[in-house]
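Note sheet for the following structure.
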């Protein structure tokens, strides 16, 4: 089994990310994650069917509506809302899914693995990306 640190490094090496459940509220972690991933140089697509934009970027209703296939999909919605996004990601050929804390119910993690997705869970994408940004800036 690949160590979590190696898996996370592989995820961050990917250029295109989608954040499912990205919030319009700047205080929410999913909104801050969009900003932090962009600061790291990733192309980031917020997915929120209720919002026309998030963090100054156009928001999309689902993964199929994105202008390009993401390399990584972050799931930042409640577990009961994650299933259609996981199935859509697998259909689109996405290979990597990161579950934010609270979204990583064992049943949805197992579903993602059954769909052939490489999973990161029990680690926060926002905290991890902030640490990477701090390391990059010499902090």
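Numbering (our numbering), first residue to last: 2 to 140. Note that the Cβ used here is the ideal one computed from N, Cα and C, for glycine as well.
Does the Cβ of residue i have 16 or more other Cβ atoms within 10 Å, making it buried, or fewer, making it exposed?
i: residue 22; result: buried
i: residue 16; result: exposed
i: residue 105; result: buried
i: residue 81; result: exposed
Does DSSP put residue i in a helix, in a strand, or in coil?
i: residue 120; result: strand
i: residue 111; result: helix
i: residue 69; result: coil
i: residue 98; result: strand
i: residue 35; result: helix
When the Cα atoms are used, what is the spatial distance from residue i to residue j?
i: residue 53; j: residue 46; result: 12 Å
i: residue 36; j: residue 56; result: 7 Å
i: residue 226; j: residue 96; result: This structure cannot speak to residue 226, because the chain is shown only from 2 to 140.
i: residue 1; j: residue 48; result: What is shown of the chain runs 2 to 140, which leaves residue 1 out entirely.
i: residue 83; j: residue 7; result: 25 Å
i: residue 4; j: residue 124; result: 13 Å
Using the DSSP secondary-structure output, state which residues sit across from residue i in a beta bridge.
i: residue 19; result: 46, 74
i: residue 58; result: 55
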